[in-house]
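Novice: There's a structure below that I have some questions on.
In the numbering used here, the protein residues as written are 51 to 311.
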């Protein structure tokens with residue numbers, strides 16, 4: 051039976067049988083993997099710590115016919131700050147869920163692995179909503195799904211104004227000549243500019259950026275609705291707590307709002 055190592059993060063952990071867990075891992079060299087961690091739900095299991103969500107460790111895995119098995123895990127970091135604060139926990143869960151739904155098994159992506167690991171560390175001291183927003187935009191940049199922000203997604207011209215028309219279907223902002231053929235809603239230009247900054251800024255210096263409550267809510271809601279549209283999956287963790295509301299999602303059903311509201 052083949053054995054391999056995986057330097058990986060646990061991005062999902064679900065119960066399996068009476069005492070096992072199926073782990074979804076995102077590894078540096080191998081991409082997304084699934085493996086059973088046997089007996090880890092038993093209180094005296096030596097591998098219990100390595101099966102916890104968000105754990106970063108070195109996994110020794112046996113390759114099986116249908117599902118691989120974790121035979122050993124040496125945790126490197128457990129990120130206790132992600133468990134001791136509800137907002138940080140929600141943000142980390144949002145990061146892990148987005149990584150899971152946006153990637154396919156066994157497709158290595160070192161850039162995404164490094165981004166995810168870095169953001170888990172940054173959540174200790176930075177605004178969790180800010181880290182989640184920056185992570186989402188950078189993940190889409192890496193995967194080629196980033197929405198156009200400030201340029202027309204249809205014709206490419208620069209879009210001006212205090213508010214900009216954003217369309218899920220078009221994949222970003224639209225100019226006045228192109229928006230007639232799409233549904234969408236108006237978003238403040240300040241929110242669009244801030245999202246552009248989140249992509250360009252040094253991610254280790256996000257604490258220097260400031261946003262108001264209205265901008266935070268508008269950006270988080272816009273990103274959630276866009277991501278759910280793009281990957282055709284609900285982001286359950288983004289809907290928990292006070293991260294987002296449903297008002298923006300409803301407004302994307304048609305051309306609600308007006309430029310002067």
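We treat Cβ as the ideally placed atom computed from N, Cα and C, and that holds for glycine. All values reported here derive from a predicted model rather than from experimental measurement.
Looking at C-alpha atoms only, which residue of 115, 273, 92 and 170 is the closest neighbour of residue 196?
Specialist: 273
Novice: Let me know if residue 71 comes out buried or exposed under the rule of 16 or more other beta-carbons within 10 Å of its beta-carbon.
Specialist: Looking at its Cβ environment, which holds 16 or more other Cβ atoms inside 10 Å, residue 71 is buried.
Novice: Contact defined as beta carbons within less than 8 Å: I believe residue 83 pairs with residue 155. What is the distance between those atoms, to the nearest angstrom?
Specialist: 7 Å
Novice: Check whether the Cβ atoms of residue 168 and residue 200 lie closer than 8 Å to each other.
Specialist: No, the Cβ-Cβ distance between residue 168 and residue 200 is not below 8 Å.
Novice: Report the three-state DSSP secondary structure of residue 272 (helix, strand or coil).
Specialist: Three-state DSSP puts residue 272 in a helix.
Novice: Rounded to whole angstroms, what is the Cα-Cα separation between residue 210 and residue 279?
Specialist: Using only the alpha carbons, I get a separation of about 25 Å.
Novice: Go to residue 144, then tell me how far its alpha helix (DSSP H) extends in each direction, as first and last residue.
Specialist: 136–152
Novice: Run the CB neighbour count on residue 207, radius 10 Å, all protein chains shown included, and call it buried at 16 or more, exposed below.
Specialist: A residue is called buried when at least 16 other Cβ atoms come within 10 angstroms of its Cβ; residue 207 does not meet this threshold and is exposed.
Novice: Kindly identify the DSSP beta-bridge partner or partners of residue 8.
Specialist: Any property of residue 8 remains undetermined from this structure, which presents the chain solely from 51 to 311.
Novice: Whole angstroms are fine: how far does the CA of residue 290 sit from the CA of residue 216?
Specialist: 24 Å
Novice: Under a three-way DSSP split, which group does residue 252 fall into?
Specialist: coil
Novice: Can you tell me whether DSSP reads residue 211 as helix, strand or coil?
Specialist: coil
Novice: CA-CA distance, residue 308 and residue 188?
Specialist: Only weak support exists for where residue 308 lies, its pLDDT of 43 falling under 50; the value from the coordinates is given anyway. Residue 308 and residue 188: Cα-Cα distance of roughly 30 Å.
Novice: Rounded to whole angstroms, what's the CA-CA distance from residue 285 to residue 122? Just pull it up for me.
Specialist: 31 Å
Novice: Checking 8 Å against the spacing of the C-beta atoms, do residue 117 and residue 55 come in under that value?
Specialist: no
Novice: Is the Cβ-Cβ distance between residue 61 and residue 137 less than 8 Å?
Specialist: no
Novice: Note down, one range per segment and in chain order, each alpha helix (DSSP H) of at least 4 residues found wholly within the stretch 172–206.
Specialist: 178–193
Novice: Is it the case that the Cβ atoms of residue 139 and residue 132 are separated by a distance below 8 Å?
Specialist: yes
Novice: For residue 348, collect the residues of the same chain with a Cβ closer than 6 Å to its Cβ; drop the 5 residues on either side in sequence, then sort them by chain order.
Specialist: As shown, the chain starts at 51 and ends at 311. That puts residue 348 outside it, with no answer to give.
Novice: Rounded to whole angstroms, what's the CA-CA distance from residue 114 to residue 229? Just pull it up for me.
Specialist: Note on geometry: alpha-carbon atoms of residue 114 and residue 229 lie some 52 Å from one another.
Novice: So what's residue 223 in DSSP terms, helix, strand or just coil?
Specialist: strand
Novice: Mark residue 288 as exposed unless 16 or more other C-beta atoms lie within 10 angstroms of its C-beta, in which case mark it buried.
Specialist: buried
Novice: Have a look at residue 100 and residue 106 and give me their C-alpha separation to the nearest angstrom.
Specialist: 8 Å
Novice: Using the Cβ count rule (16 or more neighbours within 10 Å means buried), how would you classify residue 225?
Specialist: buried
Novice: Can you tell me the Cβ-Cβ gap for residue 163 and residue 78, rounded? I've got them flagged as a contact below 8 Å.
Specialist: 5 Å
Novice: Give the DSSP-derived three-state secondary structure of residue 77 in the structure shown.
Specialist: Here residue 77 sits in strand by DSSP.
Novice: Leaving out five residues on either side along the sequence, give the residues of the same chain with a beta carbon under 6 Å from the beta carbon of residue 212.
Specialist: 239
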